[in-house]
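Residue numbers (UniProt numbering), protein chains in the order written: chain A, 1 to 622; chain B, 1 to 622.
Glycine residues also receive a C-beta, built at the ideal position from the N, C-alpha and C atoms.
Quick caveat, the model's predicted, so the values are computed rather than measured.
Here's the structure we're looking at; comments come further down.
There are 2 protein chains.
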Amino acid sequence: MSAVRQEIPSTTVSSVKIDPYPASEKVYIQGSRPDIKVPMRKITLSDTPAHFGAEKNTPLYVYDTSGVYTDPKVSVDLRKGLPVVRSAWIEERGDTELLSGPTSKFGHERLNDPETAHLRFELIRQPRRAKAGANVSQMHYARKGIITPEMEYIAIRENQKMEEMRDLWKDQHPGQSFGASIPDVITPEFVRDEVARGRAIIPANINHPELEPMIIGRNFLVKINGNLGNSAVTSSIEEEVEKMLWGIRWGGDTIMDLSTGKNIHETREWILRNSPVPIGTVPIYQALEKVDGKAEELTWEIYRDTLIEQAEQGVDYFTIHAGVRLQHVPLTAKRMTGIVSRGGSIMAKWCLAHHTESFLYTNFEEICEIMKAYDVSFSLGDGLRPGSIYDANDEAQFAELETLGELTKVAWKHDVQTMIEGPGHVPLHMVKINMEKQLEDCHEAPFYTLGPLTTDIAPGYDHITSAIGAANIGWYGCAMLCYVTQKEHLGLPNKQDVREGIVTYKIAAHAADLAKGHPGAQARDNAMSKARFEFRWEDQFNIGLDPERAREFHDETLPKQSAKIAHFCSMCGPHFCSMKISQDVRDYAAQKGVKEEEALLLGMEEKSKEFLEEGAAIYHEV
Amino acid sequence: MSAVRQEIPSTTVSSVKIDPYPASEKVYIQGSRPDIKVPMRKITLSDTPAHFGAEKNTPLYVYDTSGVYTDPKVSVDLRKGLPVVRSAWIEERGDTELLSGPTSKFGHERLNDPETAHLRFELIRQPRRAKAGANVSQMHYARKGIITPEMEYIAIRENQKMEEMRDLWKDQHPGQSFGASIPDVITPEFVRDEVARGRAIIPANINHPELEPMIIGRNFLVKINGNLGNSAVTSSIEEEVEKMLWGIRWGGDTIMDLSTGKNIHETREWILRNSPVPIGTVPIYQALEKVDGKAEELTWEIYRDTLIEQAEQGVDYFTIHAGVRLQHVPLTAKRMTGIVSRGGSIMAKWCLAHHTESFLYTNFEEICEIMKAYDVSFSLGDGLRPGSIYDANDEAQFAELETLGELTKVAWKHDVQTMIEGPGHVPLHMVKINMEKQLEDCHEAPFYTLGPLTTDIAPGYDHITSAIGAANIGWYGCAMLCYVTQKEHLGLPNKQDVREGIVTYKIAAHAADLAKGHPGAQARDNAMSKARFEFRWEDQFNIGLDPERAREFHDETLPKQSAKIAHFCSMCGPHFCSMKISQDVRDYAAQKGVKEEEALLLGMEEKSKEFLEEGAAIYHEV
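See the structure below:
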């Protein structure tokens, strides 16, 4: 075993990665067939203390992206990859065939390259492809009226057992959804319908059978993506696999591998084989590596080979900057920050060097043929997204968006699943028009935005500048939010940056779900607030997005175990606690032997008639 | 010198506190009289590298809350306090008199208490009070048509030398201000007018002459407040003074001292004498300490004495929960989290215990008399703010808001400056109605909100859950945002939490300024983005809200000094940089000897006519 191989964890993932969340249990909801088992995290809550009424608290079920890594009954060997979830479903459809090996030139070469042998993922599976003439996209099935196991899986997953938690959210605030139409219960038929009309996508490459299916669409829970990737400057395969595991542990719904350095083929294989969430890539990055970074030397053939190479590894969605057309390039000349998308700038450079239209645009139909042979979804890249507040919503950006709308129609003609990428840097008051234009220009295909960052002045805090924009655009209808870490503009994120970024974006996505009035979204907030009022400290930690940090922060001030059953906290101390005083108000009522409101009103009637005049209207409503 | 005294830094503040920001210089803008010298921070930028056009970059002026602590010419001795800024202005008005000593019973006792002698601030200044019958509030002067030096100071300060930076923001995006009316240039007359009509306040107690005047109002820059304060559980005087210095170093516009533990009188004195920003308090906290935490034993006399005690120390604004009326209390009985405001719960408990109307409400006119004798501003407390998403915008909250509107009119009858506190926990789509109702019910008095937090599920990250709400409500018209730290709901913030909280709220406030279209707000974003495009790394660090962190994050990946002049960064490496490729696009144009757009168009015309059909409309606009 070479030194480099030792970069890969030897047999199982480290204890951090498999540490389940506290008081949490991995449960599986059984679908209509034995092999549909949808994972969820069940958080067990303690009973309400006697003082507050001694009741049982319903367990909380939450969406779980962490795969079997948090299932104590499963031991994962990273060298062998995850158990397959979807293989039988894919096989049963009978519309695919196993290939004898990679059909891409590069994939074939790389497999036989002794130089990279020591880096290679051990378990080589034969790639699968649609039979000649077949279309294996979930959209194609959906349009034919077929409800796939993936769709049923997703319906169960999206419902999050909300029916069992009805008490927790039945009074939730009605939302403001700007035209979204989220049903109370997500049925498999609804999933099919949304995929068929292009309003949602299920990124699920037939070569990624390890995938636990999920959906991206405006009428489902808002999703988040975490990026990782090595660059020429830094990081190893091990680090990237670790970041992926770390990202899904904290709640990443998809992961994009944006590697641009060496061994990106091998890194991607390790990630895919161990990832229960969809993996997205930007194939132009690797294509550029193949021509030693010289954009002008890119060719359609090299790019095409890269698409096939990655499709046969199992990448679930490709960012393709086919909307950067030659005619758009001059529109960027007056910008403050030019073209900031790497893919966008590569294509702009290529167009200029050749004085010809982008080969991604001219070969778009052929790309669709590849996509549907493996069910890779489009993430139509916003190569001209603004890189500064100054450049927000300019002509270049919106011209490209219109082109993406045209391309969406082409993709849909081929039944290829499609989402649209969006900005970037946008001041708060200019965010909404982005969503509105996208819905209109792109015919309701799901929107997937990076932030947007609402100011440029806070390097080191861009997870926050962007979470503000992300929460807003999620509320307006954006289906997936691509996280921005605090290292944005400064360096590559490490594991702690990934955690901070993911949790920040879980907040933005959840704030959006609440604002849209997503049925059941408020259950977790209500469970938390009830625990807070009842001083159930352990439950407060456990219900939160980051139990470890919450506990750590609490213990910094009050480290003793006894403080966790105390009816006060370090902010105010025992005599000053407003929650405690609120309870005193209720207790006072209880002492009187009547319901609390009545007691209060009684007291008021007895002694305080004179104060009731002005407030009479309010008073009588109680 | 006792051991406890050594808790107070001995002569000067530690080096961290006086470290000026990098490449920054403290400058003073001279007003119409010699003693109006308005501080600003001037950030010197490097020249644009030759490759990008070799130009001088205008220095950036930014608002500076850090007082003389960042002036290398001034050495501050915390034991002596800050130099006075306003004494001459106050004296000249001739409407105040010096008192022989504290007139509050408690202030007097405390001054003569040997037990606290070792904790006492050394330099005891005689308190000042309005002469009998006089009203010394800035609102009173404003309504008489007087432009005070404070108002002129503020006008200069708010303008931030924007006229000198015109090039940087002349093309800034028009904002969406929801009815705010922010002029291009802030004149002293405009300040006077806004204060006169109650749309802005200048918290500036005549006993706080160290204060550098600032304004809070919807037509000025959005401000932020940082809280500090010891509790019965933890923290010392030294820590609190340090947190104040730390808070203003990072940009806190006001600081609230929310101490509830021991020695809060002495802590406050230390803070006030060393604070260049307005200090706010919640006097009921100290009043409650005086009755050993028994709310029912509070009396108007004890409370009144506390107001005078604190007014004579120099507190600039008081949070007074006079809107929590007896009749409102029953409205909270069905809440998820009851009453979460400490002040609100104390008053609710008092009202219930006595079955009588709140003494704050019944004595409100007398409170006004005290406020105008020292020019303490009201911050009318939202004692019934929601403590959970569930309780947001409920009847109790809005009933109190209406009462606060009534009280605003009473305060204004006395020419007492008034702002209104707001929530709390509110889902994103229910934030706007809070602002609208406040403007209407409270007659445009400035709104001052805590967050609001847009979800309850992320303890450990509530600076972020709340910054989302804060940026939005700031955009809608909120004048000041009270920060929430990541320790919220868990523990007391330490220094790093204060920094993180302040910077997060600077982001929210600035995002709001940009969205409102505040004239000049975009200058800093543009300066940053230009530096980013030109790879001026040092400038990028220096322009940002937290240069130290930006540099640290950058250096984590590329520590060498040479990387700071590199035309790439660690995210993509040298061959992959989109900024670099954008510049290549421009260079290509320059080689052709024509302007870049023309070159591009020329190239297109020469070789690419066939691609122009579809994009003709866009193309012709260029």
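Beta-carbon neighbours of residue i, restricted to chain A and to distances below 8 Å
i	result
B/I543	I457
B/T465	I507, A511
B/F553	P459, G460, Q486, K487, L490, G491
B/A392	H173
Residue i: contacting residues in chain B (beta-carbon distance under 7 Å)
i	result
A/I215	None at all; the shortest Cβ gap to chain B is about 22 Å.
A/H510	T455, I457
A/A36	It is worth fixing the name first, because residue 36 of chain A is Ile in this sequence and not Ala. The premise fails here: A/I36 is roughly 28 Å from chain B at the closest Cβ pair, so nothing lies under 7 Å.
Under 9 Å by beta carbon: chain A residues contacting residue i
i	result
B/L556	What sits at residue 556 of chain B in the sequence shown is Glu, not Leu. Per Cβ cutoff of 9 Å: K487, L490, G491, L492, N494.
Own chain, CB closer than 6 Å to residue i, minus 5 neighbours either side, in chain order
i	result
A/D71	K26
B/H321	G343, G344, M347, G381, G383
A/V594	At A/V594, the pLDDT of 37 sits below 50, so the modelled position is not reliable and the matter cannot be decided from this model.
B/R41	S24, V62, D64
B/H414	C368, K372
B/R249	S66
A/Y476	F178, K432, M435
Proximal chain B residues relative to residue i, where beta-carbon distance stays under 8 Å
i	result
A/I389	H173, L514, Q522, D525, N526, S529
A/Y461	V503, T504, I507, L545, D546, R549
A/W475	L428, H429
Exposure of residue i, with buried meaning 16 or more beta-carbon neighbours within 10 Å
i	result
B/I146	exposed
A/L123	exposed
A/Q417	buried
A/R33	exposed
A/G405	buried
A/L600	The predicted model places A/L600 with a pLDDT of 46, which falls under 50 and marks its position as unreliable, so this point remains unresolved.
A/P102	buried
A/Q30	exposed
A/N434	buried
B/D19	exposed
B/Q561	exposed
A/D292	exposed
B/T281	buried
B/N274	buried
B/Q518	The sequence shown places His at residue 518 of chain B, rather than the Gln named in the question. So B/H518 ends up on the buried side.
A/E610	In this predicted model, A/E610 has a pLDDT of only 33, less than 50, meaning its place in the structure is not dependable; the value taken from the coordinates is given anyway. By the 10 Å Cβ count, A/E610 comes out exposed.
Proximal chain A residues relative to residue i, where beta-carbon distance stays under 7 Å
i	result
B/M336	N526, S529, K530, F533
B/A471	L428, T454, I468
Contacts around residue i, its chain only, beta-carbon distance under 7 Å, and the 5 residues preceding and following it disregarded
i	result
A/K56	D47
A/R524	L60, V62, I543
A/E400	G323, V324, H328, D382, G383, L384
Residues that residue i contacts on chain B, provided the C-beta gap is smaller than 9 Å
i	result
A/Q540	P459, H489, L490
Sequence-distant residues of the same chain with beta carbon closer than 8 Å to residue i, five excluded per side
i	result
B/H354	E296
B/S100	Q126
A/D167	T58
Just list the beta strand (DSSP E) runs in the region 442-481 of chain A, keeping only unbroken ones of 3 residues or longer that don't cross its boundaries, in chain order. 447-450
Note down, one range per segment and in chain order, each beta strand (DSSP E) of at least 3 residues found wholly within the region 77-156 of chain A. 96-98, 128-130
Proximal residues, the region 350-371 of chain A versus chain B, C-beta separation under 7 Å: L352, H355, T356, E357
Can you list, in chain order, the residues of the region 257-280 of chain B whose Cβ is nearer than 8 Å to any Cβ on chain A? T260, G261
Residues of the region 419-451 of chain B in Cβ contact with chain A at a cutoff of 7 Å, in chain order, please. P427, L428, H429, M430
Can you list, in chain order, the residues of the region 176-193 of chain A whose Cβ is nearer than 9 Å to any Cβ on chain B? Q176, S177
At a Cβ cut of 7 Å, what residues of the region 318-331 of chain A count as close to chain B, listed as they run along the chain? R325, L326, Q327, V329, P330, L331
List, from N- to C-terminal side, the alpha helix (DSSP H) runs of 4 residues or more that fit wholly inside the region 176-221 of chain A. 188-196
Would you list, in sequence order, the uninterrupted alpha helix (DSSP H) runs of no fewer than 4 residues that lie entirely inside the region 354-434 of chain A? 359-362, 364-374, 395-413
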